[in-house]
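Chemist:
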Amino acid sequence: MAIQIKILKGDELKAALPELAELRIKVFRDWPYIYDGNMDYEVGYLSRYADTEGALIVGAFDEGRLVGAATGEPLEQEVIQFRAPFEDKGLSPKEIFYLAESLLEPAYRGQGIGHLFFDEREKHARSLGFANAAFCAVIRPDNHPLKPDDYTSLDGFWRKRGYEKMAGGIVHFPWQDVGDTSETEKPMQVWIRTL
Numbered sequence: 001m002a003i004q005i006k007i008l009k010g011d012e013l014k015a016a017l018p019e020l021a022e023l024r025i026k027v028f029r030d031w032p033y034i035y036d037g038n039m040d041y042e043v044g045y046l047s048r049y050a051d052t053e054g055a056l057i058v059g060a061f062d063e064g065r066l067v068g069a070a071t072g073e074p075l076e077q078e079v080i081q082f083r084a085p086f087e088d089k090g091l092s093p094k095e096i097f098y099l100a101e102s103l104l105e106p107a108y109r110g111q112g113i114g115h116l117f118f119d120e121r122e123k124h125a126r127s128l129g130f131a132n133a134a135f136c137a138v139i140r141p142d143n144h145p146l147k148p149d150d151y152t153s154l155d156g157f158w159r160k161r162g163y164e165k166m167a168g169g170i171v172h173f174p175w176q177d178v179g180d181t182s183e184t185e186k187p188m189q190v191w192i193r194t195l
């Protein structure tokens, strides 16, 4: 497969938001997010990237179709739920670049695209003068009934990239799980590294 990696900013970023919304709904439906998303919410949620200076999308395209994407923006522009754990620890959101979504259709995994997603976002963060990068990963119980038997945690991948769990860094963010009728708050672990 010849995958094209493109850095999207400005008008290109805006144009990619509907496709990114569809990709989020598709990929996040699987474990561990098991997110029951809808386009109305997604379009509204993602529209903030279009208005945020310093935001970007790293897109993976297969013959023009978005098959993977990773997003990022200055943490101070993120919603309060994502800023609060850093502020509670005395860290300035102005010094942290937030790596938000990282999505890739299953057929394209294991080819190094995930590393490219981190490489490009970290390079972008450095170019803007950020000292740190961070992201959040959902925490699910090991005995969750929807956890696949063959699931492998990404903790090892993230550690190889230099990220570590931030002690006490837990974000709580609501979404509706597949099979549920309403949103519930999910805990998410903050991972952080010095750039």
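Residue numbers (full-length UniProt numbering): 1 to 195. C-beta atoms are modelled at their ideal positions from N, C-alpha and C, and glycine is treated no differently.
(1) Helix, strand or coil: how does DSSP classify V67 here?
(2) Could you check if V27 is buried or exposed, using at least 16 other CB atoms within 10 Å of its CB as the buried criterion?
(3) For G54 versus R121, is the C-beta distance shorter than 8 Å?
(4) Could you spell out the range, first to last residue, of the alpha helix (DSSP H) harbouring residue 202?
(5) When we look at the beta-carbon of F157 and count the other beta-carbons within 10 Å, is it buried (16 or more) or exposed?
(6) Check each candidate in R29, V171, Y33, G64 and name the one with the smallest Cα separation from A16.
(7) Are the Cβ atoms of residue 197 and F61 separated by less than 8 Å?
(8) Let me check one thing: in DSSP terms, what residues is H172 bridge-paired to?
(9) Taking the straight line between their C-alpha atoms, what separation do you get for G179 and Y41?
(10) Distance check for W31 and L146, CA to CA, integer angstroms please.
(11) Does DSSP put P106 in a helix, in a strand, or in coil?
(12) Buried or exposed: P141, going by 16 or more other Cβ atoms within 10 Å of its Cβ?
(13) For E185, I'd like the list of residues in its chain whose CB is within less than 7 Å of its CB, leaving aside the five on either flank, ordered along the chain.
(14) In terms of residues, what are the limits of the alpha helix (DSSP H) holding K26?
(15) Distance, Cα to Cα, P106 vs A133?
(16) On the DSSP bridge assignment, give the partners of D177 in chain order.
(17) Just reading off the alpha helix (DSSP H) that A84 is part of, what are its end residues?
Modeler: Considering the structure as presented:
(1) If DSSP states are grouped into helix, strand and coil, V67 belongs with the strands.
(2) V27 is buried by the Cβ-count criterion.
(3) At least 8 Å separates the beta-carbon of G54 from that of R121.
(4) This structure leaves residue 202 out entirely; the chain is present only between 1 and 195.
(5) Answer is exposed; the Cβ neighbour count stays below 16.
(6) Minimum Cα distance to A16 is reached at G64.
(7) This structure does not reach residue 197, given that the chain is present from 1 up to 195, and the question cannot be answered.
(8) Bridge pairing for H172: P187 [DSSP].
(9) Distance between the alpha carbons of G179 and Y41 is about 18 Å.
(10) Just so you know, the alpha carbons of L146 and W31 end up roughly 7 Å apart.
(11) In the structure shown, P106 sits in a helix (DSSP, three-state: H, G or I).
(12) Counting Cβ neighbours within 10 Å, P141 comes out exposed, since fewer than 16 surround it.
(13) H172, F173, P174, listed in sequence order.
(14) Under the DSSP assignment, K26 falls in the alpha helix (DSSP H) whose first and last residues are 10 to 27.
(15) Cα to Cα, P106 sits roughly 25 Å from A133.
(16) Beta-bridge pairing links D177 to Y35.
(17) A84 -> alpha helix (DSSP H) spans 80 to 88.
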